[in-house]
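These notes concern the structure reproduced below.
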Amino acid sequence: KTDFYNPNVIRSSVGCLFGMNVFQSENQKTLDFLKENQFNIYTTIMDETAENLPQRDFTQKSAIIFGTEHSGLSDFWLNKGQNTLIPMSGSIDSLNLSNAVAITCYEALRQKMI
305 KTDFYNPNVI RSSVGCLFGM NVFQSENQKT LDFLKENQFN IYTTIMDETA ENLPQRDFTQ
365 KSAIIFGTEH SGLSDFWLNK GQNTLIPMSG SIDSLNLSNA VAITCYEALR QKMI
């Protein structure tokens with residue numbers, strides 16, 4: 305678990321941590337909350353059955369679930385959302401987590417601004 309108030313976390317977030325709603329919860333409680341509040345749940349996974357990121361609809365309430373950089377999604381989140389993939393070309397077959405989050409958040413924001 306991440307300590308959101310660890311000085312290193314605050315420093316690396318450049319203080320942005322204080323301008324957003326952040327909470328910690330157990331997986332099942334998070335899933336229950338998202339379903340009860342009618343969020344679209346998108347899971348990020350490198351899988352041939354996943355739909356490409358730009359084809360997803362982020363104009364409605366959306367939760368995007370990322371796994372760890374080392375292991376990907378935890379077993380708990382597999383098959384709990386709509387599998388989503390960032391399309392890549394050439395010899396690139398993966399991104400580090402911060403890049404994947406940035407690209408996904410950009411796409412979600414882009415759709416909301418149209």
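With this note's numbering applied, the sequence shown closes on residue 418, and no number is skipped along the way.
All C-beta atoms, glycine included, are put in the ideal place defined by N, C-alpha and C.
*Is there at least one Cβ from chain C nearer than 8 Å to valine 318's Cβ?*
This model lacks chain C altogether; it includes just one protein chain.
*Have a look at Tyr309, Met324, Asn344, Gln415 and flag the residue whose alpha-carbon is nearest the alpha-carbon of lysine 365.*
Asn344
*asked:* Using a 10 Å radius around the Cβ and a threshold of 16 neighbouring Cβ atoms, would you call alanine 404 buried or exposed?
replied: Counting Cβ neighbours within 10 Å, alanine 404 comes out buried, since at least 16 surround it.
*Assign tyrosine 423 to buried or exposed, taking buried as 16 or more other Cβ atoms, counted over all protein chains shown, within 10 Å of its Cβ.*
The structure shown does not extend to residue 423, since the chain spans only 305 to 418, so no value can be given for it.
*So is isoleucine 396 buried or exposed if we call it buried at 16+ other beta carbons inside 10 Å?*
exposed
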